[in-house]
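Shown next, in structure tokens, is the structure this report addresses.
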Amino acid sequence: MAAGRRGVDAITPFPADRGWDVEALYHPDPDHPGTSYTREGGFLHDAGDFDPAFFGMSPREALATDSQQRLLLEVTWEAVERAGIDPASLRGSQTGVFAGAMYNDYSALLGGGDYEGHQGSGTSLSIASGRVAYTFGFEGPAVTVDTACSSSLVAMHWAMQALRSGECSLAVAGGVTVMSTPGAFVDFSRQRGLAADGRCKAFADAADGVAWSEGVGMLVLERQSDAVRNGHAILAVVRGSAVNQDGASNGLTAPNGPSQQRVIRQALASGGLSTTDVDVVEGHGTGTTLGDPIEAQALLATYGRDRERPLLLGSVKSNLGHTQAAAGVAGVIKMIMAMRQGIAPKTLHVDAPSSHVDWTEGAVELLAESVAWPDVDRPRRAAVSSFGISGTNAHVILEQPEPVPTPEPAVQPTTVPWPVAAKSEPALETLIERVRTLDLPPADVGLSLTARSVFEHRAVLLSMAGGGITEVARGVSKPGSLAVLFSGQGSQRLGMGRDLYARFPTFKATLDEVLTHLDPRLRDVMWGSDPDLLNQTGWTQPALFAVEVALYRLIESFGVKPNHLAGHSIGEIAAAHVAGVFNVADACRLVSARAGLMQQLPAGGAMVALRATEAAIAPVLTSGVSIAAVNGPEAVVIAGVESEVEAVAARFEKATRLRVSHAFHSPLMDPMLDDFRTAIESLTFHPPRIPIASSGDVADPEYWVRHVRHTVRFADAVDSLGEATLLEVGPDGVLSAMTGTAIPALRKDRDEETALLTALARLHTSGTTIDWRPAFTGAKPVELPTYPFQHERYWPAAPMYTGDAAGLGQAPAGHPLLGAAVELAGGDDVVFTGRLSLATHPWLADHRVGGALLFPGTGFVELAIRAGDQVGCDRVEELTLAAPLVLPESGAVQVQVRVGPPDEAGRRPIAIHSRSGVDEPWLEHASGQLAEGGPASEFDVDAWPPVDAAPVDLDDFYAGRAAAGLDYGPAFQGLRAAWRRGDEVFAEVALPEQVHGASAFGIHPALLDASLHAAAFAGAGEDGSGGLAVPFTWSDVRLYAAGAATVRMRLSRVGNDALRLDVADTSGVPVASVRSLVVRALPEAEGPVERDALYRLEWVPVDTPPSRSKARRSCQPRGPARWWTPPTP
């Protein structure tokens, strides 16, 4: 909509990261084969980005899966989220998938064996819709539609038919187009059907062809009655639709005007509408000189007749280009947004309405400028056309939905939770950042977040009064049980529950009900001003019971379902009630009798908390003292006759007297037991519905009599709960302090609403399911940012089109870096040729030294190994690097590897050259000798990590390398672990998952290069005396096993400036060895490294043999250089 409203032109140059040779692809001559005469189109430049882990795909499968399928997955998720539906809630439902798609050229990128097993399903159009259904668990129809340019609108039509017939209860419909190769541009260039400037000039006199583009869009469709019943926001109503075919018209791909008229009338008839009932038409409007006039005449013959107000006509293709299989859904989205905002967007690039159309034949007006939507006394309506090159036509009529009645404004809560969740910590952090920036009513945000999927990584923010947002909990959820602990005496406080009573109806209703069964004065005592009165046990016990039951019911309304219950003294009665042991009336009778009889006992006695074990205390107890509670291994409370309690307490170093009115759970309770037994014997007891951690049978009345007198074994109860998450239900965190792990629902030093929501947040982040809706009274759903997918790039390296090497008298080289090999006539020389570019070898972009993009030194070794294989030499005896091969950011370089004839010992010279173009000179980069035979590597990896080797910290290793000028991208960040033992370094190295094709190499240059990174810990290698260092001379390089992707290696010092390298796979099989590698410091340069960066001229005297004239001294340069000697006169 923004594109149309503001006139945004979304056309861009060809993508440079898909392996297209964009320079060679363009040619202005439409007849030039293999080229395009346009350089631009509409592209999804991030089409290769994907989050495979989110959808349960491996990186290998993701790379083998067409980006169109991957886009459908992500956009479907986003569409369902935007509809206010948790995508996970649709698993197993009769949801249908109808996806338009027409290209499967991604398969052309998948060469070699790396993609086998996934290539078929990854590139088949039939799988596009099926993959969405499989991933989301949809069980309605799943259909991929290919009618070319009308695919997505036909898919939408079929989805509506399936909804009407009952085949599905919900449907997602739309389309996707990604051009993996430039074939569409080349093909249409031969037909002269493209706009040279890459822009569709829909219905304009300047129209000169189509602009190919890409796009993806999905819509969520539901029967209107179901959407209303389910409370789903309706953006538009599909009033009518139709699909037909051109049939035997004037050409297979030519548009047919009469068929277009028929499909328009069929769509109107299906909705019971006339042509004057539609205000705006989003035309197909591709900008061709043939198709646009035919379409315009069909519109004039239908919508243009008998109108008082002209039909408004436009095309989003003027903004986006022709998105092909996604074109229809693009038009639908544009029209939905236009109706909602009351604007008919302008069509770009209109110099004048097409002169090939007789616009006087009807009332149709081309939207050269944006205008207000026509003012009508009925719902706004728009129509969308899509006409496929296949001859299949589709027309859909959209209608503005009925306005939703606006409820009376409700007072929204001032403190609300915002629960956010993601599948990874980075995604969670991104989501938190996004929601923090929202300028929407906090309760609306919170309510809308509850419609999102709940993943393992969770956090809860509290939006506070005054606009503050605080993160109160974060964690990774784990499966486990939940136990609720009910507090006992000592946790009471004045005003407990009053804030919750005012805030939550569930708490209010429950508390009111409980209080009807208790002393009518209790509310005034609880919320009064006399703490001493509340501390009288006659009031304390019923007050705690009432508040804890109301608090539990409130927590229960948030969806919390505990697996176990436990209570401390009076708290156990609350636990028994909510577990169903007795109803509220009987529970209140029990509590009232217990509290009243205790209150009637003579005042006196004492209770003292001791820091000592029960075993240490028991031997010193007297007849008047008993153990009242065991709250922990060294947390024991004694109670009884005051003097005797004091005498026992004096024996222990840590003793704290409790402020209580009576000595509970002591011999001083004995006088009330018979009366209490009589008071409760008529109550009805039931087995608990929720297990209670207790010391007896809670359904036995006698248990509750003993409960008054006997020890409270709270520590045993908690121990029996095992690893359960503990939630304390009570006015304060007394039990939480005892256990050290319990989550207190309320705290005396915090407002109750914040404390409760924080407790629920901590439960939520630990894995408990929370239904947050009770916190959002008066809230309504709003649009929120969708899930922040954690994208990484998954796009295959472009295949090397080397042509028919055999047809050119050459042999295919069979290597990713080389295209062909030829044996030179008249000798034993062999020449290999290849072409290197970031388009064909994107992993090379991750190797930068001193700011320059360099072909890695290990790449030269790999070229030498391949050449040796061809000529029967299994050892690179020596390879000296003379100059860096600087790769261009765009374009390519030619590479030539020349192997000379063997000498008497079988050694063969080798040289590696490159040039940037056919008119450029060849530059030598490396030279050396190939040979046969030699001892095998001896590297024992059975004991791994090696004995006595100390691990090396690799944190920030690659960040440090980058700061030093060795900028390794992901492909070259293969060092996984390292250990050091004296001058030896051991390491594990693996190719990152995004680097594919290792099996085609002897040893992948990125893998061997990463093995050398461990040299940083051997006191040599990458840190030379002059700063950065690079490989200089390789000696005795041998390859034993090809295609490794993960290796273990040993690197050791050989002399002052050389290294030895031994490489094996994880099972100990030798992979490669380097007897000696000499490195040299890279000279510091003021600017970026260039092709001749390692050349310098340094004159040194050289003695020459005496001649017939006189002895002379000549000079020659030293170091890596082109050798030059002054000529002899």
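In the UniProt record's numbering, the protein residues as written are 1 to 1129. C-beta atoms are modelled at their ideal positions from N, C-alpha and C, and glycine is treated no differently. No experiment lies behind these values; they were computed from the predicted model shown.
Taking the Cα of Ala-987 as reference, the smallest distance to any Cα among Ala-977, Val-995, Glu-993, His-996 is reached at Ala-977.
Between the alpha carbons of Leu-482 and Leu-727 lies a distance of about 8 Å. When rounded, the separation of the alpha-carbon atoms in Pro-688 and Met-156 is 54 Å. The C-alpha of Arg-915 lies about 10 Å from the C-alpha of Leu-887.
According to DSSP, residue pairing for Ile-638 in a beta bridge involves Val-608, Ile-627.
Distances from the CA of Asp-444 to each of Glu-433, Thr-414, Ala-421 were compared; the closest alpha carbon is that of Thr-414.
Just measuring C-alpha positions, the residue of Gly-974, Leu-975, Tyr-958 sitting nearest Asp-967 is Tyr-958. Of Ala-248, Val-1063, Asp-956, the smallest CA-CA separation from Asp-940 is found for Val-1063. In this structure the stretch 238–246 lies against the stretch 384–394, because at least three pairs of beta carbons, one per stretch, are closer than 8 Å.
Ser-1073 sits in a strand when the DSSP states are folded into three classes. Per the C-alpha coordinates, the member of Met-102, Ser-682, Gly-291 positioned closest to Ile-127 is Met-102. Judged by their CB atoms, Glu-295 and Gln-266 are not nearer to each other than the 8 Å cut-off. The shortest CA-to-CA distance from Val-729 to any of Ala-473, Gly-567, Asp-697 is the one to Gly-567. When secondary structure is reduced to three states using DSSP, Phe-138 falls in the coil class, being assigned neither helix nor strand. Bridge pairing for Val-1063: Met-1049, Ala-1072 [DSSP]. DSSP places Gly-42 within a strand segment (E or B) once states are collapsed to three.
Annotated three-state conformation of Ser-318 is helix, per DSSP. Leaving aside the five residues that flank Asp-208 on each side, the residues in its chain whose CB is nearer than 6 Å to its CB run, in chain order, Ala-195. Taking 8 Å as the cut-off, the Cβ atoms of Gly-193 and Gly-328 do not count as close.
Boundaries of the alpha helix (DSSP H) harbouring Gln-260: 257–270, taken from the DSSP string. Secondary structure note for Asp-719: its alpha helix (DSSP H) is the uninterrupted segment 714–720. For Ser-386, the enclosing beta strand (DSSP E) covers residues 381–387. Here the C-alpha atom of Gln-161 lies approximately 17 Å from the C-alpha atom of Glu-399. In the DSSP annotation of this structure, Val-280 is not part of any alpha helix (DSSP H); the continuous beta strand (DSSP E) holding it starts and ends at 280–282. If you ignore the 5 residues before and after Asn-250, its C-beta comes within less than 8 Å of the C-beta of Asn-256, all in its own chain and listed in chain order. Boundaries for Pro-701: no beta strand (DSSP E) harbours it, while the alpha helix (DSSP H) harbouring it runs 701–709, taken from the DSSP string.
Here Pro-633 is exposed: its Cβ has fewer than 16 other Cβ atoms, across all protein chains shown, within 10 Å. In this structure Gln-790 is not in contact with Asp-105, their Cβ atoms being roughly 27 Å apart against a cut-off of 8 Å. In this structure Val-416 touches Phe-776 by the C-beta definition: roughly 6 Å separates them, less than 8 Å.
Residue state for Leu-683 is assigned as coil, using DSSP reduced to three classes. A distance below 7 Å between beta-carbons, with the five flanking residues on each side excluded, links Val-581 to the following residues of its chain, in chain order: Phe-685, His-686, Pro-688, Val-698, Ala-699. Considered as a whole, the stretch 817–900 harbours 818–823, 830–836, 847–849, 875–881, 893–899 as its complete beta strand (DSSP E) runs of no fewer than 3 residues, in chain order. Here Pro-1005 has Pro-856, Thr-858, Gly-859, Glu-862 as same chain residues with Cβ atoms under 7 Å from its own Cβ, once five neighbours each way along the sequence are excluded. A distance below 8 Å separates the beta carbons of Gly-965 and Val-849.
For Pro-15, the CB contacts under 7 Å within the same chain, skipping 5 residues up- and downstream, are Phe-43, His-45 in chain order.
Spatial neighbours of Arg-307 in its own chain (CB-CB distance under 7 Å, excluding positions within 5 residues in sequence) are listed in chain order as Thr-276, Ala-363.
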